[in-house]
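Visitor: Residue numbers (this note's numbering), protein chains in the order written: chain A, 1 to 211; chain B, 1 to 211. Yeah, the Cβ is synthetic: ideal placement off N, Cα and C, and Gly gets one too. This is the structure, below, for whatever I ask next.
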């Protein structure tokens, strides 16, 4: 099974469906974010699912009170999503509200400069939270493999680590997997490629040979 | 001008438009959240705006990296929203990316139990962030007027305080305004009322007489 996730950050329905179909053979799952949903409507999730047969991860970084998180989760899973990404920062009751509706993936670290202000100083507490409530997985950036290694040591073995930041942002797929990641999330290096299928295949081969 | 904001947390387009029109005379603005957008599409924002003539606040609690925040903001403001609510805990670069597209309102405190874990211990740092980047306003819950008073003392005078939690969650509109809030956000006490217009009028009168 592939360990590659496509971050499908294009904003037109037709582009999204075309690219997803072209590269599906090399993927484990497809991740969608709000800009695509705002452009295409939530129905794009079930369309992608039908056309590719792959799991869909809704990267909505949900961060609201428990009742609102629950309602967002309900609508997202009803629309066909298999996993919903949420922030641990809003506390465990907000995450548990999502888990009542379906599988959750928690953000425990981010890699943009602003993440240093609040997110990174709380990584250990966010890992504790993950170990307690047992989400399907956690998100940790591939741009710093030493952080992936640190997080892999602290987080329960049955919680998957999904890492964005490979490719355009500079992270290496093989290094990140060696550091303990379970899945690699790649966006621009595939969807902005002149030949998305070739680019996906190349990353897939890199993963298969190197990991 | 009214100081009342309706949290329009209904999930059907028809209900949303009907209630908004019924109560518009007593409002300053209407706040919408993801569940309504997922049910009705982003076009509900411009429909609400056209039917009521009121400012629309998109309560999306955006919490992503700068580039994704920018794209969400772009689509939200293009859809007609006047203000976009975002989390400060993702850092100032993520907020500044929104400010390049339009007016932002930052969450500095939340009132559900899980907020004690990460959000509440960082309130002072979130207020500092607000004072530095000067958003239109900040969100702080009405359920604890002493916290509104504390935040009002620390946050710059030209930054508005918007407070949810009045009515069904137990906060008092008059107490909250006396503590320093600029706007009161009311949801269920209006949209779940048998007579939303009467309920909105009553809260509006309470504000006018008491504040």
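Between the C-alpha atoms of residue 90 of chain A and residue 108 of chain B, what's the straight-line distance to the nearest angstrom?
Guide: Sequence index remark: in the first chain, residue 90 of chain A carries index 90 (1-based). Sequence index remark: in the second chain, residue 108 of chain B carries index 108 (1-based). Cα-Cα distance, rounded: 12 Å.
Visitor: So if I threshold CB-CB distances at 7 Å, which residues from the region 93-112 of chain B count as touching chain A?
Guide: Within the region 93-112 of chain B, the qualifying residues are 93, 94, 110, 112.
Visitor: With a threshold of 8 Å between beta-carbons, can residue 25 of chain B be considered close to chain A, or not?
Guide: Within the second chain, residue 25 of chain B is the residue found at index 25, counting from 1. Not one chain A Cβ lies under 8 Å of residue 25 of chain B.
Visitor: Helix, strand or coil: which one does DSSP assign to residue 85 of chain B?
Guide: Numbered from its first residue, the second chain carries residue 85 of chain B at position 85. Residue 85 of chain B: strand per DSSP, three-state reduction.
Visitor: Can you name, in chain order, every residue of its own chain whose Cβ lies under 8 Å from the Cβ of residue 132 of chain A, other than the five neighbours on each side?
Guide: By one-based count along the first chain, residue 132 of chain A stands at place 132. Only 92 meet the Cβ criterion.
Visitor: Using three-state DSSP, classify residue 212 of chain B as helix, strand or coil.
Guide: For residue 212 of chain B there is no data in the structure shown, the boundaries of chain B being 1 and 211.
Visitor: Measure the alpha-carbon distance for residue 23 of chain B versus residue 6 of chain B and round it to whole angstroms.
Guide: Position 23 of the second chain, counted from the first residue, corresponds to residue 23 of chain B. Position 6 of the second chain, counted from the first residue, corresponds to residue 6 of chain B. Approximately 9 Å, taken between the alpha carbons.
Visitor: With distances taken from CA atoms, which of B:34, B:156, B:75, B:29 is nearest residue 53 of chain B?
Guide: Counting from one through the second chain, the residue named residue 53 of chain B turns up at place 53. Closest by alpha carbon: B:29.
Visitor: Among the candidates B:21, B:51, B:50, B:57, whose CA atom is the shortest distance from the CA of residue 37 of chain B?
Guide: The residue given as residue 37 of chain B occupies position 37 in the second chain. Ranking B:21, B:51, B:50, B:57 by Cα distance to residue 37 of chain B puts B:57 first.
Visitor: Measure how close the beta-carbons of residue 72 of chain A and residue 85 of chain A come, nearest whole angstrom, since I'm counting them as under 8 Å.
Guide: Position 72 of the first chain, counting from 1, holds the residue named residue 72 of chain A. Position 85 of the first chain, counting from 1, holds the residue named residue 85 of chain A. Not confirmed; about 11 Å, so no contact.
Visitor: Under 8 Å, do residue 48 of chain A and residue 17 of chain A count as touching if we go by C-beta distance?
Guide: Translated into positions along the first chain, residue 48 of chain A becomes position 48. Translated into positions along the first chain, residue 17 of chain A becomes position 17. Yes; because the gap between Cβ atoms is below 8 Å, this pair is in contact.
Visitor: Would the region 74-84 of chain B and the region 58-66 of chain A be scored as touching if the rule is three or more Cβ pairs under 8 Å?
Guide: As far as the Cβ criterion goes, the region 74-84 of chain B does not touch the region 58-66 of chain A, which means the pair count is below three.
Visitor: Under the three-state reduction of DSSP, which class applies to residue 77 of chain B: helix, strand or coil?
Guide: Against the second chain, residue 77 of chain B aligns to sequence position 77. It is helical.
Visitor: To the nearest angstrom, how far is the alpha carbon of residue 27 of chain A from that of residue 67 of chain B?
Guide: Looking up residue 27 of chain A in the first chain gives position 27. Looking up residue 67 of chain B in the second chain gives position 67. Distance between the alpha carbons of residue 27 of chain A and residue 67 of chain B is about 24 Å.
Visitor: If distances are taken between C-alpha atoms only, which option among B:166, B:192, B:101 comes closest to residue 148 of chain B?
Guide: Residue 148 of chain B sits at position 148 when you count from the first residue of the second chain. The shortest Cα separation from residue 148 of chain B among B:166, B:192, B:101 belongs to B:166.
Visitor: Pick from B:142, B:20, B:160: whose alpha carbon is nearest that of residue 44 of chain B?
Guide: Translated into positions along the second chain, residue 44 of chain B becomes position 44. Comparing Cα positions, the closest option is B:20.
Visitor: Spatial neighbours of residue 129 of chain B within its chain, please: CB distance less than 7 Å, with the 5 preceding and 5 following residues excluded, ordered by chain position.
Guide: The residue labelled residue 129 of chain B in the question sits at position 129 within the second chain. The residues are 88, 92.
Visitor: Round the Cβ separation of residue 138 of chain B and residue 159 of chain B to the nearest angstrom and send it over; I've been treating them as touching at under 8 Å.
Guide: If you number the second chain from 1, residue 138 of chain B lands on position 138. If you number the second chain from 1, residue 159 of chain B lands on position 159. Confirmed, about 6 Å.
Visitor: If the cut is a Cβ gap below 7 Å, which residues of chain B does residue 33 of chain A touch?
Guide: The residue labelled residue 33 of chain A in the question sits at position 33 within the first chain. The contacting residues are 68.
Visitor: To the nearest whole angstrom, what separates the beta carbons of residue 101 of chain B and residue 77 of chain B, a pair I think is in contact under 8 Å?
Guide: Locating residue 101 of chain B in the second chain gives position 101, where the first residue counts as 1. Locating residue 77 of chain B in the second chain gives position 77, where the first residue counts as 1. Indeed they touch by this definition, with Cβ atoms about 5 Å apart.
Visitor: To the nearest angstrom, report how far apart residue 179 of chain B and residue 156 of chain B are at their CA atoms.
Guide: For the purposes of this step, residue 179 of chain B is taken as residue 179 along the second chain, with counting starting at 1. For the purposes of this step, residue 156 of chain B is taken as residue 156 along the second chain, with counting starting at 1. For residue 179 of chain B and residue 156 of chain B, the distance between alpha carbons rounds to 15 Å.
Visitor: How far does the beta strand (DSSP E) with residue 58 of chain B in it extend, from its first residue to its last?
Guide: Counting from 1 along the second chain, the entry for residue 58 of chain B is found at position 58. Its beta strand (DSSP E) spans residues 56-62.
Visitor: I want to verify the contact list: residues of chain A whose CB lies under 7 Å from the CB of residue 63 of chain B, in sequence order.
Guide: Within the second chain, numbered from 1, the residue matching residue 63 of chain B stands at position 63. By Cβ distance, chain A contributes 61, 63, 87.
Visitor: In the DSSP assignment, find the unbroken alpha helix (DSSP H) run with residue 20 of chain A in it and report its ends.
Guide: By 1-based counting over the first chain, the position of residue 20 of chain A is 20. Residue 20 of chain A -> alpha helix (DSSP H) spans 13-23.
Visitor: What are the uninterrupted segments assigned as beta strand (DSSP E) that are 3 or more residues long and contained completely in the region 81-159 of chain A, given in chain order?
Guide: Entirely contained in the region 81-159 of chain A, the beta strand (DSSP E) runs reaching 3 residues are, in chain order, 83-87, 103-107, 137-139.
Visitor: Report the residue from B:181, B:127, B:99 whose alpha carbon sits nearest the alpha carbon of residue 69 of chain B.
Guide: Indexing the second chain from 1 puts residue 69 of chain B at position 69. That would be B:99, whose Cα lies nearest to the Cα of residue 69 of chain B.
Visitor: Quick one: which chain A residues come within Cβ less than 7 Å of residue 71 of chain B?
Guide: Taking the second chain and counting its residues from 1, the one referred to as residue 71 of chain B is at position 71. What residue 71 of chain B touches in chain A: 35.
Visitor: Does the distance from the CB of residue 144 of chain B to the CB of residue 172 of chain B come in under 8 Å?
Guide: By one-based count along the second chain, residue 144 of chain B stands at place 144. By one-based count along the second chain, residue 172 of chain B stands at place 172. It is not a contact, given that the beta carbons lie outside the stated cut-off.
Visitor: For the alpha helix (DSSP H) holding residue 191 of chain B, just list the boundary residues, first then last.
Guide: By one-based count along the second chain, residue 191 of chain B stands at place 191. Segment 188-191, the alpha helix (DSSP H) holding residue 191 of chain B.
Visitor: Quick check: the Cα distance between residue 96 of chain B and residue 182 of chain B, rounded to an integer number of angstroms?
Guide: Reading the second chain from its first residue, position 96 is the one you call residue 96 of chain B. Reading the second chain from its first residue, position 182 is the one you call residue 182 of chain B. Cα to Cα, residue 96 of chain B sits roughly 23 Å from residue 182 of chain B.
Visitor: Between residue 117 of chain B and chain A, is any beta-carbon pair separated by less than 8 Å?
Guide: Position 117 of the second chain, counted from the first residue, corresponds to residue 117 of chain B. Chain A contact via Cβ: present.
Visitor: Going by C-alpha distance, which of B:176, B:34, B:204 is nearest residue 74 of chain A?
Guide: As a working mapping, residue 74 of chain A is identified with position 74 in the first chain. Ranking B:176, B:34, B:204 by Cα distance to residue 74 of chain A puts B:34 first.
Visitor: Under 8 Å by Cβ, that's how I've got residue 163 of chain A and residue 140 of chain A pegged, so tell me the actual separation to the nearest angstrom.
Guide: Counting from 1 along the first chain, the entry for residue 163 of chain A is found at position 163. Counting from 1 along the first chain, the entry for residue 140 of chain A is found at position 140. That belief holds up - the Cβ atoms of residue 163 of chain A and residue 140 of chain A are roughly 6 Å apart, short of 8 Å.
Visitor: Nearest to residue 210 of chain B by alpha carbon, out of B:25, B:177, B:196?
Guide: Along the second chain, one-based indexing puts residue 210 of chain B at 210. Taking only the C-alpha atoms, the option nearest residue 210 of chain B is B:177.
Visitor: Nearest by alpha-carbon distance to residue 191 of chain A: which of A:207, A:12, A:208 is it?
Guide: As a working mapping, residue 191 of chain A is identified with position 191 in the first chain. Out of A:207, A:12, A:208, A:12 has the C-alpha closest to the C-alpha of residue 191 of chain A.
Visitor: Would you please verify whether the beta carbon of residue 122 of chain A is less than 8 Å from any beta carbon of chain B?
Guide: Within the first chain, residue 122 of chain A is the residue found at index 122, counting from 1. Yes - at least one Cβ of chain B is within 8 Å of the one on residue 122 of chain A.
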